[in-house]
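Here's the structure, in structure tokens; my notes come after.
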Amino acid sequence: MEVTEAVAIDHGLKKEEFSKICELLKRTPNLTELAIFSAMWNEHCSYKSSRKHLKKMHTKGKQVIQGPGENAGVIDIGDDDAIVFKIESHNHPSFIEPYQGAATGVGGIMRDVFTMGARPIANLNSIHFGSPQHKKTRNLLRGVVKGIGGYGNCIGVPTIAGQTTFDESYNGNILVNAMTLGLVNKNKIFYSKAAGLDKPVIYVGSKTGRDGIHGASMASATFDDKIEEKKPTVQVGDPFTEKLLLEACLELMADNSIIAIQDMGAAGLTSSSVEMASKGNLGIELNLSEVPCREEKMTPYEIMLSESQERMLIVLEKGKEEHAKKIFDKWNLDFAVIGKTTNSKKIELIFDNKKVAEIPIDLLAENAPIYDRPWKKTKLPQKLKFDKDEFKSLKLSDCLKKILSNSNISDKRWIWDQYDHTVMGDTIQKPGGDAGVVRVHGTNKAVAASVDSSALYCFSHPLTGGKQIVCESYRNLISVGAKPIAITNCLNFGNPEKEKNMGEFVECVEGITEASKYLDFPVVSGNVSFYNETKDKGIKPTPTIGGVGLISDYQQMLTMDFKTEGNLVYVIGKTDGYLDQSIFARELLNEKKGPPPTVNLFNEKNIGETVLDLARKNLIVSCHDVSLGGILIAVSKMCIKGKKGIKINTLKGLTNKYEYFFGEDQARYIVEIPKASLKKVNDILNKYSVHFDELGTVNGQSIEYKDDINLPIEELADAHKYWLKKYMDS
Amino acid sequence: MRSSVIIFPGSNCDRDMDVALKKFGFKNQMVWHNDQSIPKSDLIVLPGGFSYGDYLRCGSIASKSKIIKSVIDFANSGGLVLGICNGFQILTETGLLNGILQQNKFLNFICSNVFVKVKDKENKYFKNLKKNLLELHIAHNEGNYFCSDDELKSLEDNSQIAVTYCGADGTENETTNPNGAIKNIAGIFNKNKNVLGMMPHPERMIDKYLSGEDGSLFFKNILDNFK
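Chains as they are written, first to last, in our numbering: chain A, 939 to 1668; chain B, 2 to 228.
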């Protein structure tokens, strides 16, 4: 086929980009070369719209071993132990084919982690669906959950936490973000930078098929009416092979045979080979006739673009081929020497003894286009003036029950019961808490992880929203007694070629950066997913933050369930009663306008450190952060989990009970304090000059507040626990 | 007491089982599926997971693996063989245990704590066990035990039903049956009661920081009965 501008545009390249390619190459590329350019220059691989802004992120810290730019980020957790982690999106494929899309998302992120020599120890996911009333939602949810479970359960890595939301802006573009944490000895981390000349390049794992061709390009475009036609671009996962690949790679990694290793993810063999060579400032020569193929007569074009799963590319020390092959033979996996490193600084492809492509590496990597896209600032919306007389017709207990059964608040057990969350025998906090917690096997340490996003806040004001999610992640980790260390982010946005969407991206990133700098909570890895848009309708900006923290002695872990009758309950942090953008405003007043709650980073840090201090001194026995829904929702969850009630005090100086109970002010925690610890707790709170309210006492089997609320816990639990199950069964 | 845990490609509870056995004092060894023979053992464990990807049918390919002949010989000579989850599925595929494990009634994978009632104590696993009700943990997609009427009658007549799903108070009915298993069956023996297959994972219940501690009782009891 002759390569023309039209062919280039079919491959997702822009007219100007094609001219630039011809200019850089000083000739017209052949079809295989064009395919390689299109794979490397698309948004998904090149970060061409986002790179300029990502550079500003806060990525360094005392405990950071590896920041963004590798397969995953790495942090130091002491005693030579390090945690490797990353979150990644698989949005487009999951909308087209929910089971395989979600499954291969999980597979891909786990490969990113074990590529670095780490054994995966926990999975998390953040999944977002359209309105519950939308006709596709139920099936998409079912498929995604089955896909995530089908893959993770089979590999034998526990899924310890997650987040699920529903919003009509995801009707045409669901989001599936998967996160994995792995454990590695910090002196045995593997990187993707090739080094040394004439070193064998090894292909291991599954055979290459025709699945997933153009997957990365598909993920770099918006959807239209013909998305069904894109099904063949979705990869098909085989978790069994991945389990074998994981064990084989870790076995080979026990010695020093590997120089560099990279998984074949988006854009398969193309991006893995180019990235390894580019990082090592080397050339690479691949003989495509040696690539193990599962289908007949595959062309170089197809081999280079295939996104078949469960494959790795390794640059090996010379002479180690036999040793390595033995390991992969033991695990029944394909092993082939398919090329070598060279000093040409080019990627050269041979097929049937003929050279079929030759491109200087720097044209694919450093010279890939970078755009400074125009963007528009979002103005802070005007604060709303609520008519408080209108509230009076609402009964507090009715409001409470209604919010507890809201699709975004209600219990998600129907989902996580389908994920194996206990395999590996170290899960000490299961899904449903503020964060999942797994022990570092054989030690006293434990690692906590949480995934969070707040699309409503980000949509209303991206800068504040960006800050808020980082703070929420910070609070969730502290709520389980963990010291927050670092984050990974998955930035899900609409079309960057639109000024509004680009602006949302830029300002969310700015917010994330500001908060992570202030809280010393650096970003160590991440991924950007643009073009979450169908027929001109984009999603609400949804940056997802995956936070990781450390509990140095796992016996100090906290949970949210109320423990003992008679214990006191405090709200730490000040409540002004911020109702704009709250669930209360949406659900009960049908009011969707207004700015998100203000984020005060000084308070976040000071209050967070106070709570952590209380936890370290064993002065509190349960803890939960106050987020969506406000104090009454938070305290109800603590009651439901602990199967205990609370008697709420008559609050002094309370201006408006609706604002107090349902306001979504930030930087607040609810803690349970044994009477014997009370004096010490008060001293510490005063020392840090932290505002607190004496909310009530753990008591009986009901939640009670004056004459306003008297609800048995069982009734609350019914409202909270069964919405999702009923929805899925209906 | 010497034990061996067989690792098939796709096993994923092998390490958990190794940790549990060693914690209570078993001298445990790991055995690779392609090995010809099993080291001298007093107990062989087939762990949970997805042996050979559970392709074809859960446990069916493992039941034809190289090591399995030694497992069958060992069982036929009276040795203790314990299959947990996928191990139970493998044991039914080898014919050492009757019946089959179908997909769960509601077609979903279930990961959850469950209560089981110990139905027979005249065997080396549960003899002298102080409790009759254990809180254990399940994590499976195909745990819905089924067998023919004749097989069921023979299981009942020979007291081969080992454990059944029940509520915290011991009630056995449809609501306390997580996966639709016939007669709430969670685990069964062979005729000689030296082979035990069960869906619940005792190895995930060995520590108060995990899902619970009743699994500890199970392992300790096997050791006590061996002394």
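Note that the Cβ used here is the ideal one computed from N, Cα and C, for glycine as well.
Asked, Found
"Beta-carbon within less than 7 Å of Lys1350/A's beta-carbon, same chain only, minus the 5 sequence neighbours each way: which residues are those?", "Thr1102 and Leu1662"
"Out of Val1466/A, Asp1563/A, Lys1531/A and Asn1528/A, which one is the CA nearest neighbour of Tyr1508/A?", "Asp1563/A"
"Would you say Tyr126/B faces chain A, with C-beta separation under 7 Å as the test?", "no"
"Could you tell me which whole beta strand (DSSP E) segments of length 3 or greater appear in the segment 1356–1424 of chain A?", "1365–1367, 1374–1377 and 1384–1390"
"Cβ of His1359/A less than 7 Å from any chain B Cβ?", "yes"
"Assign Pro1597/A to buried or exposed, taking buried as 16 or more other Cβ atoms, counted over all protein chains shown, within 10 Å of its Cβ.", "The sequence shown places Glu at residue 1597/A, not Pro. Label assigned to Glu1597/A: buried."
"Evaluate Gln1639/A with the Cβ neighbour count: other Cβ atoms within 10 Å of its Cβ, from every protein chain shown; 16 or more gives buried, anything less gives exposed.", "exposed"
"Is any beta-carbon of chain A found at less than 7 Å from that of Ala187/B?", "no"
"Which residues in chain A sit within 8 Å of Asp17/B, going by Cβ to Cβ distance?", "Val1361, Met1362 and Gly1363"
"Helix, strand or coil: which one does DSSP assign to Phe230/B?", "As displayed, chain B neither begins before 2 nor continues past 228, which places residue 230/B out of reach and without an answer."
"Less than 7 Å between the beta carbons of Ile1025/A and Cys1446/A, yes or no?", "no"
"How would you list, in chain order, the residues of chain A whose beta-carbon sits under 7 Å from the beta-carbon of Ala140/B?", "Asp1358, Thr1360 and Val1361"
"If you follow the alpha helix (DSSP H) that Cys960/A is part of, which residue opens it and which one closes it?", "Lys953 to Leu963"
"I'd like to know whether the C-beta atoms of Ile1196/A and Phe1128/A end up nearer to each other than 7 Å.", "yes"
"Out of Phe147/B, Glu143/B and Asp158/B, point me to the one whose CA is closest to Asn1091/A's CA.", "Glu143/B"
"Report, in whole angstroms, the separation of the C-beta atoms of Thr1402/A and Val1537/A, which I expect to be a contact under 8 Å.", "6 Å"
"If you draw a straight line from the alpha carbon of His1028/A to that of Val20/B, how long is it in whole angstroms?", "35 Å"
"Looking at the C-beta of Asp1355/A, does it have a partner C-beta in chain B at a distance below 7 Å?", "yes"
"Nearest-angstrom Cα distance between Pro1533/A and Ser1345/A?", "22 Å"
"For chain A, is any of its Cβ atoms less than 7 Å away from the one on Pro10/B?", "yes"
"Could you tell me the alpha carbon to alpha carbon distance between Glu1245/A and Ala1205/A, rounded to whole angstroms?", "6 Å"
"So, at 7 Å on beta carbons, what are the nonlocal neighbours of Lys1278/A in its own chain, with the 5 sequence-adjacent residues on each side left out?", "Asp1136, Lys1137, Pro1138, Val1139 and Glu1223"
"Excluding the 5 residues preceding and the 5 following Glu1233/A in the sequence, name in chain order all residues of the same chain whose CB lies nearer than 7 Å to its CB.", "Gly1147 and Arg1148"
"State yes or no: is the C-beta of Lys1383/A within less than 7 Å of the C-beta of Ser1463/A?", "no"
"Which whole-angstrom value is the C-beta distance of Ala1420/A and Leu1539/A, which I expect to be below 8 Å?", "So it is not a contact: roughly 19 Å between Cβ atoms."
"In whole angstroms, what separates the C-alpha of Ala1655/A from that of Asp151/B?", "44 Å"
"Measure the C-alpha to C-alpha separation of Cys59/B and Asn99/B and round it to an integer number of angstroms.", "15 Å"
"I need the straight-line Cα distance from Thr1042/A to Ile139/B, nearest angstrom please.", "25 Å"
"Can you have a look at Gln1247/A and say buried or exposed, based on whether 16 or more other CB atoms are within 10 angstroms of its CB?", "buried"
"Do Lys1579/A and Met1495/A count as a contact pair if the criterion is CB distance below 7 Å?", "no"
"Roughly how many angstroms lie between the CA atoms of Gly1694/A and Leu951/A, to the nearest whole one?", "Chain A is shown from 939 up to 1668; residue 1694/A falls before or after that span and cannot be answered."
"Counting only the same chain and skipping the five closest in sequence on each side, list residues whose C-beta sits under 7 Å from that of Glu1610/A.", "Phe1500, Lys1501, Asn1505, Val1507, Ile1558, Val1559, Ser1560 and Val1636"
"Roughly how many angstroms separate the alpha carbons of Pro1312/A and Asp1014/A, rounded to a whole number?", "38 Å"
"Nearest by alpha-carbon distance to His1072/A: which of Val1083/A, Ser1107/A and Gly1045/A is it?", "Ser1107/A"
"Can you tell me where the alpha helix (DSSP H) holding Ile1086/A begins and where it ends?", "Thr1075 to Ile1093"
"Just to confirm my understanding: we take Glu1652/A, look at its own chain, exclude 5 residues before and 5 after, and list those with CB closer than 8 Å. What are they?", "Gln1639"
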